[in-house]
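Asks: If you're matching positions, the sequence shown starts at 1 in the UniProt record's numbering and goes up one per residue. To start, I am sharing the structure in question, which I have written as structure tokens.
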Amino acid sequence: MSSDTRADLLIGRLKNNRFISVLIVVGIVLSSLLAFAKGLEEAGKLFGKAFGHGSEVAQYDAQTKEALLASAREVDLFFLTIESKNEPPSFSEVAPEFIKIKADLRSLLMRNQVRPLNSISTQQTKLLIEQWSNVEKLLKLPERSSPAATSVVREIMFQAFDATITLEVAKEGQGDAQQ
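As structure tokens, this is what we get:
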């Protein structure tokens, strides 16, 4: 057997190895968590500076909060639908729902970008979109994720939405203090 053939066999085994697939999923999840944690840390610093030194922040916006809640519900339904299937669906099977959620998140980003003094919410929404893009990468893997991995990713998305909504609601009391 030539070394090329051995290398080809090794690559073939790695491609078909469920353990490697799980490692890839875990890597994507950990990368997403680190990016989101960094974003939360930055948001915490910005909120601390803004609230602690009398700086101005964007006023609370109930419509933004409602849009976040609606998007969070759609993401939850998306994952519950995937988890309810016997076999993980291919990306093409869930693409319409995925694209709708991505469009909703991008619309929310535009809404946040046009509001004055709203860099924190804008950054958080960018992180949500980045997380959602990681879900797309996960769903496009040839060896799609296990139900357990899907559940973990759903929980990460839930926590990301929870943190973003919490930051928006924190503005509610600040609007009165600024005026």
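No residue lacks a Cβ here, since even glycine has one placed at the ideal position from N, Cα and C.
Quick check on this structure: which residue in S119, A160, M110, R111 has the alpha carbon closest to the alpha carbon of L127?
Replies: In the sequence shown, the residue the question calls residue 127 occupies position 127. Residue A160 is the option with its Cα nearest to L127.
Asks: Could you give the distance in angstroms between the alpha-carbon of E130 and the alpha-carbon of V94?
Replies: Along the sequence shown, read from residue 1 onward, the residue named residue 130 stands at position 130. Along the sequence shown, read from residue 1 onward, the residue named residue 94 stands at position 94. Approximately 18 angstroms between the Cα atoms of the pair.
Asks: Give me the residue from R6, M157, L117, A58 with the minimum Cα distance to K102.
Replies: Numbered from 1 along the sequence shown, position 102 holds the residue referred to as residue 102. Minimum Cα distance to K102 is reached at M157.
Asks: CB-CB under 6 angstroms to R115, same chain, minus the five flanking residues each way: which ones, in chain order?
Replies: In the sequence shown, counting from the first residue as 1, residue 115 sits at position 115. Around R115: A58.
Asks: Rounding to the nearest angstrom, what Cα-Cα distance links A35 and T164 in this structure?
Replies: The residue you call residue 35 lines up with position 35 of the sequence shown. The residue you call residue 164 lines up with position 164 of the sequence shown. In a straight line, the C-alpha of A35 is about 14 angstroms away from that of T164.
Asks: Is DSSP giving K126 helix, strand or coil here?
Replies: Residue numbering aside, residue 126 sits at position 126 when the sequence shown is read from its first letter. Here K126 sits in helix by DSSP.
Asks: Going straight from the alpha carbon of S71 to that of S146, what length do you get?
Replies: For this step, residue 71 is matched to residue 71 along the sequence shown. For this step, residue 146 is matched to residue 146 along the sequence shown. So the alpha carbons of these two residues sit roughly 24 angstroms apart.
Asks: Starting from K85, trace the alpha helix (DSSP H) in both directions and tell me its first and last residue.
Replies: As a first step, residue 85 is located in the sequence shown; it is residue number 85 there, counting from the start. Taken as a continuous stretch (DSSP letters only), K85 belongs to no alpha helix (DSSP H), as it is neither H nor E.
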